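First comes the structure, then the notes that go with it.
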Amino acid sequence: MRRMRAGFLRLYRFPSLLLCLAAAGWSGNFVVGRLIQGSVPPVNLAFFRWLTATLVLLPFGLPRLRRDLPALAERKWTVLLLALTGVAAYNTFVYQGLRTSTAISALLMQSVMPLLILVFVFALYRERPRAAQLLGLALSLAGVWVVVTEGRPLNAGAFDLNVGHAWILLAVVGYALYTALLRRRPRVHPLSLLTVTFGLGALMLAPFAFAETASGRSLPLTAGSIAAVAYVALIPSLLCYFCYNRGAELLGAARAGQFLHLMPVFGAVLAFFFLGERIRGFHLAGAALIGAGLAAAALRGRAAARSEA
């Protein structure tokens with residue numbers, strides 16, 4: 683037991699490893715969401731995910747939550763926005779989008795998130811992005827547009843725009859805002875923050891889940907659906923959010939967001955083996971543009987840092 687505790691404490695101090703674990707677990711979330719999209723309604727999946735995660739976390743987080751309640755109340759609007767953008771909205775939009783979008787396309791669109799984080803960091807904290815970062819944002823958005831239009835960026839009207847892609851893009855915008863808002867989070871124990879944001883996210887989703895159930899679309903009590911809820915509640919929720927929040931705390935929002943580029947890599951492998959999805963030409967073209975944008979921003983960023991030094 684002592685060895686496990688010591689190993690966990692060592693892991694807690696390595697942000698790169700924590701953020702890699704978060705990216706890998708979230709990639710599996712996309713694959714599971716796509717795998718069960720025909721049998722489990724999206725809002726129900728998101729609601730029971732956060733309800734289950736909250737119930738599992740409550741015995742560990744409640745003692746700390748009582749102590750940290752004044753600090754949480756002081757930053758109540760930030761806490762509510764974190765619960766709305768990063769918990770309730772993001773995953774619900776992703777599951778809704780995966781009904782018609784492939785997992786690989788959805789994961790590629792996550793790659794633009796780090797650059798959108800720069801936009802929100804500027805809007806919230808007036809940290810002005812460099813010209814190279816703006817160029818990178820433009821290239822990355824062009825790459826996303828290639829994926830969204832399935833390789834026909836200049837002739838988008840020639841096909842029916844996939845509504846699932848629109849949901850995924852809304853989810854990306856929401857989580858970019860969540861990451862930028864983490865800087866304003868109250869200085870409380872990580873378990874307190876996770877417990878309250880997960881619980882608030884489940885409460886926000888409850889009326890929509892009940893409405894979905896009333897319309898005849900409820901969570902089926904099958905082994906597959908229960909296993910899916912257990913996975914998304916324990917791995918992408920508890921493990922990944924804990925790792926990502928800690929990684930963002932140690933490295934900052936902008937640097938932590940860069941690790942989200944690993945999601946298409948992990949996800950493409952998982953989607954190939956579990957969903958039979960194949961990488962097509964427009965996926966590679968979009969990924970190349972996104973990668974060029976990231977490289978432009980990163981290289982010029984390092985050059986500027988050396989110049990300042």
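The numbering used here puts the first residue of the sequence shown at 683, with every later residue one more than the last.
No residue lacks a Cβ here, since even glycine has one placed at the ideal position from N, Cα and C.
Bear in mind the structure is a predicted one, so any value in this text is a computation, not a measurement.
| query | result |
| --- | --- |
| For Leu-942 and Ala-795, the rounded distance between their alpha carbons | What sits at residue 795 in the sequence shown is Met, not Ala. Taking the straight line from one Cα to the other gives about 8 angstroms. |
| Alpha-carbon spacing of Val-738 relative to Ala-909, whole angstroms | 15 angstroms |
| Inter-residue CB distance, Phe-804 and Arg-810 (contact presumed, cutoff 8 angstroms) | 6 angstroms |
| Residues of its chain near Gly-949, where Cβ-Cβ distance is below 7 angstroms and the 5 sequence neighbours each way are ignored | Ser-709, Phe-712, Val-713, Ala-785, Ile-786, Leu-789 |
| Contacts around Val-854, its chain only, beta-carbon distance under 8 angstroms, and the 5 residues preceding and following it disregarded | Met-791, Gln-792, Val-794, Met-795, Leu-798 |
| Nearest to Val-782 (by Cα), restricted to the options Val-845, Thr-879, Val-870 | As written in the sequence, residue 782 is Thr, which differs from the Val given in the question. Checked all of Val-845, Thr-879, Val-870; the closest Cα to Thr-782 is Val-845. |
| Length at least 4, wholly inside the stretch 683 to 755: the alpha helix (DSSP H) runs in chain order | 684 to 693, 697 to 717 |
| Run of the alpha helix (DSSP H) containing Thr-774, from where it starts to where it stops | 772 to 779 |
| Three-state secondary structure (DSSP) of Pro-868 | coil |
| Inter-residue Cα distance where the pair is Gln-719 and Glu-756 | 39 angstroms |
| C-beta atoms of Phe-775 and Trp-849 nearer than 8 angstroms | yes |
| Alpha helix (DSSP H) segment containing Leu-952, residue limits | 944 to 957 |
| Cβ shell of Val-1001 (< 8 angstroms), same chain only, five flanking positions each side left out | Absent from the structure is residue 1001, since the part of the chain shown begins at 683 and ends at 991. |
| Ser-907 vs Leu-901 beta-carbon contact at 8 angstroms | yes |
| Alpha-carbon spacing of Ala-967 relative to Phe-924, whole angstroms | 33 angstroms |
| Burial state of Val-951 (16 or more Cβ within 10 Å) | exposed |
| Neighbour-count burial assignment, Tyr-860, 16 or more Cβ in a 10 Å radius | buried |
| Start-to-end residues for the alpha helix (DSSP H) that takes in Arg-928 | 922 to 933 |
| Status (buried if at least 16 other CB within 10 Å, exposed otherwise) for Ser-897 | exposed |
| Start-to-end residues for the alpha helix (DSSP H) that takes in Thr-861 | 845 to 863 |
| Identity of the residue in Phe-696, Gly-958, Leu-762, Pro-872 nearest Leu-717 by Cα | Gly-958 |
| Contacting residues, own chain, Cβ-Cβ under 7 angstroms from Ala-930 (five flanking each side not counted) | Thr-861, Leu-864, Ala-938 |
| 8 angstroms Cβ cutoff, Leu-944 in contact with chain C | The chain inventory of the structure shown lacks chain C, comprising one protein chain alone. |
| Outcome for Tyr-807 when other beta-carbon atoms lying within 10 angstroms are tallied against a minimum of 16 | exposed |
| Candidates Phe-880, Leu-933, Ala-884, Gly-825: closest to Gly-975 by CA position | Gly-825 |
| Proximity below 8 angstroms, CB of Phe-1075 to CB of Val-725 | It is not possible to answer for residue 1075, since the shown part of the chain is limited to 683 through 991. |
| Member of Leu-816, Arg-928, Leu-763 whose CA lies at the smallest distance from the CA of Leu-701 | Arg-928 |
| Pair within 8 angstroms by beta-carbon distance, Gly-768 and Tyr-913 | no |
| Whole alpha helix (DSSP H) elements within the stretch 788 to 812, 4-residue minimum | 795 to 807 |
| Proximity below 8 angstroms, CB of Asn-773 to CB of Arg-812 | no |
| Spatial distance of Glu-894 from Ala-705 (CA atoms) | 30 angstroms |
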